[in-house]
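The block underneath contains the structure these notes are about, expressed in structure tokens.
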Amino acid sequence: MTVSLESCRCTPEILGDLARCLHTLPNLHTFQITDAPAPMTTRLKVVFSGHQYPNVHTVSIPRFAHNILPSFPEVKTVISTKANGHHFLAPIAKGCPKVESLEGFSPNAKMMQRLIKIVPNLKSIKIVSAVEPDILDMFSSFKQLCSIDLRAPGGATPTRIHEHPRFVACITIARKILQYRDHPQLRIHYQPFTGILVGPWKIELDVHDSSFRALPGSLSSEDVFTYLEEKSAFLIPTP
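So in the working numbering, spot 96 of the sequence shown is number 420, and the numbers just go up one at a time.
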């Protein structure tokens, strides 16, 4: 069972009722907040303080809801929406010892140093912004890591990944990290911040192959596109 909340529409009374009601849902496994503006930070912290939901294994929340994370002591997957994940580190360290999957994070060197200590059993990471090769190389410290999802650079298409040298270096590092792990997965996704010249897409690459060909059946896109010949990108119809 999943409970989804748009907190900006909730009064303190409604939030309090929700916090109590969640205890009555034994099949609840996912909790998400779709929106939480800055003024909601303290309100959410106060309402959820003292509540714990050990049956929840996945939490998806925006930046200003980060203080509720200790209410989910058994959470394994933490998804950061609308932020880079920086604000999530302290709450995870405070009360979420079993986290093994992170999504929506944009690590820098300082964040990586903290992650290595806070989430030692990390198995899966989805990075949602450009990452430097030396930062990605730090993920080799996670000995259980078996899944890496990288964001392709702006304007990239599945047939032109090789045209971005720094990103190619990141893929090479990710393959090196994963090649001897159990059931390794290396995914590439593209989500445009603005514009529609190149639409969203994602593929999975073979960890043991140096090419950039997508694994059969792994390519997906939210837009209709047409492949041209080998060295051509795909075109997305404009409105």
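Beta carbons: idealized from backbone N, C-alpha and C, even for Gly. Given the structure is predicted, the values throughout are model-derived calculations rather than measurements.
query: Do we get a CB-CB distance below 9 Å when we pair T326 with the residues of chain B?; result: As a matter of chain content, chain B is missing from the structure shown, which is built from one protein chain.
query: Please report the distance separating the alpha-carbon of N272 from that of S544.; result: In the structure as shown, the chain starts at 325 and stops at 563, and residue 272 therefore has no counterpart that could be examined.
query: For E528, write down the residues that DSSP places opposite it in a beta bridge.; result: R511
query: Would you decide whether Y504 is buried or exposed? Buried here means 16 or more other CB atoms lie within 10 Å of its CB.; result: exposed
query: What are the complete beta strand (DSSP E) segments, minimum 3 residues, inside the stretch 433–499?; result: 448–451 and 471–475
query: Pick out whichever of K406, I459, S384 and F388 has its Cα sitting closest to the Cα of K400.; result: S384
query: Return yes when the Cβ of I472 is within less than 9 Å of the Cβ of P431, no when it is not.; result: no
query: Leaving aside the five residues before and after K369 along the sequence, list all residues of the same chain whose C-beta is less than 8 Å from its C-beta, in chain order.; result: N391 and I392
query: If you draw a straight line from the alpha carbon of R475 to that of Q515, how long is it in whole angstroms?; result: 8 Å
query: Whose CA, out of I449, S465 and R484, lies closest to the CA of F509?; result: First, the amino acid is wrong: residue 509 is Gln here, not Phe. The residue with the shortest Cα to Cα distance from Q509 is I449.
query: Using DSSP with H/G/I as helix, E/B as strand and the rest coil, what is P335?; result: The question names Pro, yet the displayed sequence has Thr at residue 335. Here T335 sits in coil by DSSP.
query: Give me the residue from T358, T326, T496 and D359 with the minimum Cα distance to V531.; result: T496
query: What residue from G419, E424, A417 and K418 has the CA that sits closest to I403's CA?; result: E424
query: Would you kindly work out how many angstroms separate the C-alpha atoms of T481 and F463, rounded to a whole number?; result: 25 Å
query: Going by C-alpha to C-alpha distance, which of K467, V455 and G478 sits closest to I501?; result: K467
query: With DSSP as the reference, label L329 as helix, strand or coil.; result: strand
query: Let me check one thing: in DSSP terms, what residues is S544 bridge-paired to?; result: K526
query: Taking the alpha helix (DSSP H) that V399 falls in, what are its first and last residues?; result: Here V399 belongs to no alpha helix (DSSP H), and DSSP marks it neither H nor E.
query: For I442, I'd like the list of residues in its chain whose CB is within less than 7 Å of its CB, leaving aside the five on either flank, ordered along the chain.; result: L413, I416 and A417
query: Quick check on R344: buried or exposed, where buried means 16 or more other Cβ atoms within 10 Å of its Cβ?; result: exposed
query: Roughly how many whole angstroms lie between the Cα atoms of I512 and R387?; result: 24 Å
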